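Number of protein chains: 2
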Amino acid sequence: MSAAEQPYHHGSLRQVLLARAESTLEKDGVDGLSLRQLAREAGVSHAAPSKHFRDRQALLDALAESGFRRLTAALGRAVDEAEPHARARFAALAHAYVTFALDHRELLALMYGSKHAPGAAAELVDAGRAAMDLTVRIVAEAQAADEIGPGDASRIALVAFATFHGIATLAAGGMLEDAPVDEVVTAASDTFWRGLARA
Amino acid sequence: MSAAEQPYHHGSLRQVLLARAESTLEKDGVDGLSLRQLAREAGVSHAAPSKHFRDRQALLDALAESGFRRLTAALGRAVDEAEPHARARFAALAHAYVTFALDHRELLALMYGSKHAPGAAAELVDAGRAAMDLTVRIVAEAQAADEIGPGDASRIALVAFATFHGIATLAAGGMLEDAPVDEVVTAASDTFWRGLARA
DNA sequence: TCATCTATGTAGTCAATGACAACATTTTGC
DNA sequence: GCAAAATGTTGTCATTGACTACATAGATGA
Chain S
1 MSAAEQPYHH
11 GSLRQVLLAR
21 AESTLEKDGV
31 DGLSLRQLAR
41 EAGVSHAAPS
51 KHFRDRQALL
61 DALAESGFRR
71 LTAALGRAVD
81 EAEPHARARF
91 AALAHAYVTF
101 ALDHRELLAL
111 MYGSKHAPGA
121 AAELVDAGRA
131 AMDLTVRIVA
141 EAQAADEIGP
151 GDASRIALVA
161 FATFHGIATL
171 AAGGMLEDAP
181 VDEVVTAASD
191 TFWRGLARA
Chain H
200 MSAAEQPYHH
210 GSLRQVLLAR
220 AESTLEKDGV
230 DGLSLRQLAR
240 EAGVSHAAPS
250 KHFRDRQALL
260 DALAESGFRR
270 LTAALGRAVD
280 EAEPHARARF
290 AALAHAYVTF
300 ALDHRELLAL
310 MYGSKHAPGA
320 AAELVDAGRA
330 AMDLTVRIVA
340 EAQAADEIGP
350 GDASRIALVA
360 FATFHGIATL
370 AAGGMLEDAP
380 VDEVVTAASD
390 TFWRGLARA
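Top line first, the protein sequences correspond to chains S and H. Position 68, counted from 1, in the first sequence is what this note's numbering calls 68; the numbers after and before it change by one each time, with no gaps. One rule links them: number in this note's numbering = place in the second sequence (from 1) + 199.
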């Protein structure tokens with residue numbers, strides 16, 4: 001046999017599959033993702049991926065979960081780097097969310113797509129909750145600092161998160177028309193904050 | 200031949216395909232939609248649908264466009280039936296949006312999915328814009344009545360629309376946790392309106 | 001050390017699907 | 001009436017996800 005012999009075991013197939021899958025996802029959309037194509041690109045047989053992902057949906061779930069973890073990390077980083085005032089942190093969170101959405105349009109759609117396997121959904125839901133928890137923390141801090149009025153922090157954070165999420169998805173879908181994304185995000189953050197302000 | 204002879208031409212294949220497609224869409228998700236299965240259900244050959252839809256995506260685009268039209272109609276109806284005050288109309292719009300989202304989860308995901316055919320996207324985008332225009336109208340009316348402060352009505356409406364959209368998609372994806380949807384919608388509408396209020 | 005158990009990969013197969021081509025039957029419009 | 005456009009049918013193909021049986025490597029432990 002030739003010198004360029006490949007070892008029988010790939011060594012990091014799972015990682016490679018996930019990496020190429022995400023790249024393909026953003027390029028061709030979720031419909032352009034084929035297990036067999038991924039296998040070809042990784043230089044393994046067409047059935048090899050099944051040893052790492054029960055089925056196609058399991059791969060998508062893994063991508064989504066990874067997406068949630070990175071989204072949460074990005075949001076946390078943005079909040080930590082922002083000015084140490086609730087108002088600024090709130091805005092930073094919003095901008096970071098939209099930035100992530102624009103950088104990972106297809107991934108975001110996958111993350112919030114409702115078609116999650118009933119079984120694997122647990123870890124996925126947990127990963128999603130973490131991003132929300134971050135928002136709750138900011139709201140609670142703002143209330144503690146008396147920057148905004150009282151009220152159920154979880155509920156307030158939920159509405160805030162939904163607002164950011166809405167802008168992010170519209171932006172990712174190119175539905176913000178010609179409006180500059182940053183301006184829209186700032187406007188939303190400002191308006192929302194004003195609505196929460198202490199009377 | 201038997202008496203139960205079917206005419207060579209179906210007569211309303213396009214309508215039937217769209218109707219069954221939407222029903223299947225909500226039941227099995229977009230991945231569960233198969234042109235061949237639809238053809239079987241309609242009692243025609245597997246290639247018949249291609250005479251009405253260039254490809255699978257064209258069918259999905261048609262569904263999405265129909266969804267936007269009905270969403271706009273539902274929003275318009277809700278606004279018309281609400282108390283004749285901008286505040287009430289605003290809230291009615293929000294609730295109607297979320298109600299539509301919960302009643303057509305998969306359809307909504309399809310409508311806002313970014314994978315629209317470049318060509319057919321024109322009519323689709325127009326249909327989507329109509330829903331937004333409705334929101335602009337409400338905002339402009341509120342400004343005219345001096346109920347909210349000044350500002351670019353389109354921009355304000357865009358942010359409002361995004362907020363409603365965010366709640367709707369989170370609700371449709373079951374990500375509102377245990378929070379009662381109506382309460383969240385009301386809270387969002389109230390907070391946003393307060394943020395817009397005249398100083 | 002070596003036997004075996006488990007993880008990982010391969011080859012082969014199957015039914016379903018979307019797309020396309022060639023052809024048939026109506027319907028429409030001139 | 002007749003030509004052309006609509007609408008349907010049959011046949012075919014490559015791709016795909018899923019499954020089965022089997023091969024090989026690496027890990028575990030007596």
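For glycine and all other residues, C-beta sits at the position ideal for the given N, C-alpha and C. All figures in this text were calculated on a predicted structure; none of them were measured in a lab.
How is the alpha helix (DSSP H) around residue i delimited, first residue to last?
{"i": "H/Gly-266", "result": "255-280"}
{"i": "S/Gly-195", "result": "181-196"}
{"i": "S/Ala-109", "result": "105-112"}
{"i": "H/Pro-230", "result": "With the sequence shown as reference, residue 230 of chain H is identified as Asp, and Pro is not the correct amino acid for it. First-last for H/Asp-230: undefined, no H or E at that position."}
{"i": "H/Ala-246", "result": "From DSSP, H/Ala-246 is part of no alpha helix (DSSP H); its letter is neither H nor E."}
Name the residue from the options whose alpha carbon lies nearest to the alpha carbon of residue i.
{"i": "S/Glu-22", "options": "S/Gly-11, S/Gln-37 and S/Leu-63", "result": "S/Leu-63"}
{"i": "S/Ala-172", "options": "H/Met-374, H/Gly-365 and H/Leu-375", "result": "H/Gly-365"}
{"i": "H/Leu-217", "options": "H/Glu-280, H/Lys-250, H/Leu-237 and H/Gly-210", "result": "H/Leu-237"}
{"i": "H/Val-383", "options": "S/Ala-122, S/Leu-176, S/Val-159 and S/Asp-178", "result": "S/Val-159"}
{"i": "H/Met-331", "options": "S/Ala-144, S/Ala-130, S/Arg-89 and S/Glu-177", "result": "S/Glu-177"}
{"i": "S/Asp-61", "options": "S/Gly-151, S/Phe-161, S/Thr-135 and S/Ala-127", "result": "S/Ala-127"}
{"i": "H/Trp-392", "options": "H/Gly-373, H/Ser-244 and H/Glu-346", "result": "H/Glu-346"}
{"i": "H/Gln-256", "options": "H/Val-229, H/Pro-379, H/Val-380 and H/Gly-350", "result": "H/Val-229"}
{"i": "H/Asp-254", "options": "H/Glu-264, H/Arg-239 and H/Arg-235", "result": "H/Arg-235"}
{"i": "H/Gly-373", "options": "H/Gly-350, H/Glu-305 and H/Tyr-311", "result": "H/Glu-305"}
{"i": "S/Thr-186", "options": "S/Ser-45, S/Arg-89 and S/Gly-113", "result": "S/Arg-89"}
{"i": "H/Val-380", "options": "H/Pro-283, H/Ala-329, H/Ser-244 and H/Phe-299", "result": "H/Phe-299"}
{"i": "S/Arg-129", "options": "S/Pro-7, S/Arg-20, S/Arg-69 and S/Arg-40", "result": "S/Arg-69"}
{"i": "H/Ser-244", "options": "H/Ala-321, H/Val-335, H/Gln-205 and H/Glu-282", "result": "H/Gln-205"}
{"i": "H/Phe-360", "options": "H/His-294, H/His-303, H/Gly-312 and H/Ala-321", "result": "H/His-294"}
{"i": "H/Ala-321", "options": "H/Pro-283, H/Glu-264 and H/Gly-312", "result": "H/Glu-264"}
Would you check if the distance between the CB atom of residue i and the CB atom of residue j is smaller than 9 Å?
{"i": "S/Ala-188", "j": "S/Thr-163", "result": "yes"}
{"i": "H/Leu-406", "j": "H/Gly-348", "result": "Since the first and last residues shown for chain H are 200 and 398, residue 406 of chain H lies out of range."}
{"i": "S/Leu-71", "j": "S/Tyr-97", "result": "yes"}
{"i": "H/Ile-337", "j": "H/Val-278", "result": "yes"}
{"i": "H/Pro-248", "j": "H/Leu-232", "result": "no"}
{"i": "S/Leu-102", "j": "S/Leu-25", "result": "no"}
{"i": "S/Ala-140", "j": "S/Ala-153", "result": "yes"}
{"i": "H/Val-215", "j": "H/Ala-241", "result": "yes"}
{"i": "H/Ala-290", "j": "H/Asp-389", "result": "yes"}
{"i": "S/Gly-67", "j": "S/Leu-134", "result": "no"}
{"i": "H/Ala-285", "j": "H/Ala-341", "result": "yes"}
{"i": "H/Gly-212", "j": "H/His-251", "result": "Per the sequence shown, the amino acid found at residue 212 of chain H is Leu instead of Gly. Taking 9 Å as the Cβ cut-off, H/Leu-212 and H/His-251 qualify as a contacting pair."}
Please tell me whether, using a cut-off of 8 Å, the distance from the CB of residue i to the nearest non-hydrogen atom of the ligand COA is below it.
{"i": "S/Thr-191", "result": "Absence of the ligand COA is noted for the structure shown, with no ligands found whatsoever."}
#### Entry: Minimum length 3: unbroken beta strand (DSSP E) runs contained in the segment 326-376 of chain H
none
### Query
Quick one, which residues of the segment 53-65 of chain S are near chain H if we go by CB-CB under 7 Å, in chain order?
none
### Query
Given a limit of 7 Å on CB to CB distance, which residues of the segment 135-163 of chain S reach chain H?
Arg-155, Leu-158, Val-159, Ala-162 and Thr-163
### Query
Which residues, in order along the segment 370-394 of chain H, keep a beta-carbon less than 8 Å from a beta-carbon of chain S?
Ala-371, Gly-372, Gly-373, Met-374, Leu-375, Glu-376, Ala-378, Glu-382, Val-383, Ala-386, Ala-387, Asp-389, Thr-390, Phe-391, Trp-392, Arg-393 and Gly-394
### Query
According to a CB-to-CB cut-off of less than 7 Å, which residues of the segment 87-112 of chain S neighbour chain H?
Arg-105, Ala-109 and Tyr-112
#### Entry: Under 7 Å (Cβ pairs) to chain H, residues found in the segment 122-136 of chain S
Gly-128
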